[in-house]
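Protein chains in written order, with the working numbering: chain A, 1133 to 1400; chain B, 1133 to 1400.
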DNA sequence: TTTGTAGTTCCAAATAATGAAACTGAGTTT
DNA sequence: AAACTCAGTTTCATTATTTGGAACTACAAA
């Protein structure tokens, strides 16, 4: 992808290891990368040494390392969005009784940053950190619709347009039209475009200056409800999104921030 | 710390940004680093460009980037421990009704990888990814006790020995003695060594070859229970630790692993 | 023993990182 | 308005690091 020097290459290697959804051997990585043997080898050494990768000597495999978990923790708690949004998600989840998501845009994909699940208790990293397509999800479209022109063009052109269901929008033109509608209306819907039976409404989170920070959504299933029922939540979701946006903006210069991390650790 | 070339330096910068528990300006970073202006500047550029950092143009501040969250998700799901341990933690939490932790050792600190909270619902990243001291926590001591000699020496010498409470072990000698006991007995206790009123028992997770993978703990408070009551859980915790160890080992070559990630996404 | 496969090390050539110094530009003081 | 800060950005000759073909090792299978 990008190639800013040594650091860029190292990041590529990290992504590659992460892309295998399992512990991976040197040879496999070598095959799927353009790096020469020795070069890749040294990268793996260095990254392992740094804790960015972890190496299992028994099985001779690499996986993404624990240091990433540490750093991601910092990313989450320092983010200008997730910690602020947390209590709002709690409330929205309680009120609606449905699944609630907080997402941000990361290289034109949807990255789920937090979640409240209707049924089960929250599931740690196996939820947050997950990525999904932008062109066929509520949060994805809500976010793209509020990008500035240049960024929107880039985003639209970088979608895969894979047809997940009959209703998936599979062309730039169709997506653009929907985004236009979303922008004027202020919220996005996903009408089984990603998964059959799954519908959702989503609102963007914006600063007063109009910068798009992320999106929140409420998801339902066609088995339990129809679209009209789901759409009754739109005003509420929009208000919550506005509140989050306002609070996020308010932390202009936190100086001392009431750290989302300060909750008693009590862990031993 | 370590300095393997450009990559090591880049990782240092990431850590530095993460260490400020808030969005941080260029000048602040410059002050707290040894890098010359231009060098640091270029690192920040590149890392931001790569999504490892995120830059807020409004406030001119850097924070750890979203790409880290994505990568950490992969680290968690691909880890040979966390996904396997999950159902066991659920069970242990249900049975004991107490707070349960899964931890791994990361540069001789305790890194909490998963958690079940007695009272409240789970708290996302603000829990997993957190780090703590090893010399005065149950999981920390349980893990150190089962390191090989060289690694143990290193670990013991790298603790800070800050006195958190009256009961904190504050010397290498005292810690070594406790670790010796722990090793022979098979479990560790934390008797208010980290926080007053907080007690805990912890068992290491080992492969059959004796490699230490992590530890689990059950935590209680002196207000609700005494040590004897808590220690009745030791056999159970030990058994769970053994089971996790066995399963972790069993995934020698998963080929297709029943991915902890396969839970229906249903997110839009 | 030979052959093959997977991983590791070497070192001269190619490339990228370095950092002092100069520059910019928005805001402030004289 | 000119001079001055201060925070951030760019330049470029020098320096240090990365690079990768090829040679090597270790082990397993034929």
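Think of the CB as a built atom: it goes at the ideal place given N, C-alpha and C, for glycine as much as any other residue.
Measuring only the C-alpha atoms, how far is residue i from residue j?
{"i": "residue 1326 of chain A", "j": "residue 1235 of chain A", "result": "16 Å"}
{"i": "residue 1169 of chain A", "j": "residue 1162 of chain A", "result": "6 Å"}
{"i": "residue 1138 of chain B", "j": "residue 1232 of chain A", "result": "41 Å"}
{"i": "residue 1372 of chain A", "j": "residue 1237 of chain B", "result": "39 Å"}
{"i": "residue 1147 of chain B", "j": "residue 1184 of chain B", "result": "11 Å"}
{"i": "residue 1212 of chain A", "j": "residue 1187 of chain B", "result": "11 Å"}
{"i": "residue 1337 of chain A", "j": "residue 1344 of chain B", "result": "45 Å"}
{"i": "residue 1165 of chain A", "j": "residue 1320 of chain A", "result": "38 Å"}
{"i": "residue 1328 of chain A", "j": "residue 1152 of chain A", "result": "27 Å"}
{"i": "residue 1339 of chain B", "j": "residue 1176 of chain A", "result": "24 Å"}
{"i": "residue 1285 of chain A", "j": "residue 1150 of chain B", "result": "32 Å"}
{"i": "residue 1143 of chain A", "j": "residue 1204 of chain A", "result": "15 Å"}
{"i": "residue 1242 of chain A", "j": "residue 1276 of chain A", "result": "10 Å"}
{"i": "residue 1298 of chain A", "j": "residue 1268 of chain A", "result": "12 Å"}
{"i": "residue 1248 of chain A", "j": "residue 1261 of chain B", "result": "19 Å"}
{"i": "residue 1376 of chain B", "j": "residue 1361 of chain A", "result": "45 Å"}
{"i": "residue 1294 of chain A", "j": "residue 1300 of chain A", "result": "8 Å"}
{"i": "residue 1227 of chain A", "j": "residue 1308 of chain A", "result": "33 Å"}
{"i": "residue 1273 of chain A", "j": "residue 1382 of chain B", "result": "42 Å"}
{"i": "residue 1136 of chain B", "j": "residue 1304 of chain A", "result": "45 Å"}
{"i": "residue 1085 of chain A", "j": "residue 1266 of chain A", "result": "Residue numbering for chain A in the displayed model covers 1133 to 1400; residue 1085 of chain A lies beyond these limits and cannot be assessed."}
{"i": "residue 1140 of chain B", "j": "residue 1220 of chain A", "result": "39 Å"}
{"i": "residue 1240 of chain A", "j": "residue 1214 of chain A", "result": "19 Å"}
{"i": "residue 1225 of chain B", "j": "residue 1209 of chain B", "result": "21 Å"}
{"i": "residue 1178 of chain A", "j": "residue 1317 of chain B", "result": "37 Å"}
Mind checking if residue i is an interface residue toward chain A, Cβ cutoff 9 Å exclusive?
{"i": "residue 1165 of chain B", "result": "no"}
{"i": "residue 1368 of chain B", "result": "no"}
{"i": "residue 1153 of chain B", "result": "yes"}
{"i": "residue 1172 of chain B", "result": "no"}
{"i": "residue 1236 of chain B", "result": "yes"}
{"i": "residue 1239 of chain B", "result": "yes"}
{"i": "residue 1341 of chain B", "result": "yes"}
{"i": "residue 1216 of chain B", "result": "no"}
{"i": "residue 1198 of chain B", "result": "yes"}
{"i": "residue 1298 of chain B", "result": "no"}
{"i": "residue 1208 of chain B", "result": "yes"}
{"i": "residue 1190 of chain B", "result": "yes"}
{"i": "residue 1364 of chain B", "result": "no"}
{"i": "residue 1372 of chain B", "result": "no"}
If you measure from the beta carbon of residue i to each beta carbon in chain B, is any gap under 9 Å?
{"i": "residue 1150 of chain A", "result": "yes"}
{"i": "residue 1245 of chain A", "result": "yes"}
{"i": "residue 1184 of chain A", "result": "yes"}
{"i": "residue 1318 of chain A", "result": "no"}
{"i": "residue 1204 of chain A", "result": "yes"}
{"i": "residue 1143 of chain A", "result": "yes"}
{"i": "residue 1181 of chain A", "result": "yes"}
{"i": "residue 1375 of chain A", "result": "no"}
{"i": "residue 1201 of chain A", "result": "yes"}
{"i": "residue 1277 of chain A", "result": "no"}
{"i": "residue 1146 of chain A", "result": "yes"}
{"i": "residue 1263 of chain A", "result": "yes"}
Using beta-carbon positions only, say whether residue i and residue j come within less than 9 Å of one another.
{"i": "residue 1230 of chain B", "j": "residue 1207 of chain B", "result": "no"}
{"i": "residue 1167 of chain B", "j": "residue 1194 of chain B", "result": "no"}
{"i": "residue 1334 of chain A", "j": "residue 1322 of chain A", "result": "yes"}
{"i": "residue 1311 of chain B", "j": "residue 1288 of chain B", "result": "yes"}
{"i": "residue 1270 of chain A", "j": "residue 1244 of chain A", "result": "no"}
{"i": "residue 1223 of chain B", "j": "residue 1380 of chain B", "result": "no"}
{"i": "residue 1190 of chain B", "j": "residue 1341 of chain A", "result": "yes"}
{"i": "residue 1357 of chain B", "j": "residue 1331 of chain B", "result": "yes"}
{"i": "residue 1182 of chain A", "j": "residue 1199 of chain A", "result": "yes"}
{"i": "residue 1315 of chain B", "j": "residue 1359 of chain B", "result": "no"}
Can you find a heavy atom of the ligand MG that lies under 8 Å from the Cβ of residue i?
{"i": "residue 1176 of chain B", "result": "Ligands are entirely absent from the displayed structure, and the ligand MG is therefore not among its contents."}
Are there three or more Cβ pairs, one per stretch, closer than 8 Å when the stretch 1363 to 1373 of chain B is compared with the stretch 1336 to 1354 of chain B? yes
Quick one: complete alpha helix (DSSP H) runs, 4+ long, within the stretch 1259 to 1344 of chain A? 1270 to 1277, 1281 to 1289, 1304 to 1317
Minimum length 3: unbroken beta strand (DSSP E) runs contained in the stretch 1178 to 1263 of chain B: 1185 to 1188, 1193 to 1196, 1231 to 1238, 1241 to 1248
Start-end ranges of the beta strand (DSSP E) lying completely within the stretch 1344 to 1368 of chain B, minimum 3 residues: 1344 to 1353
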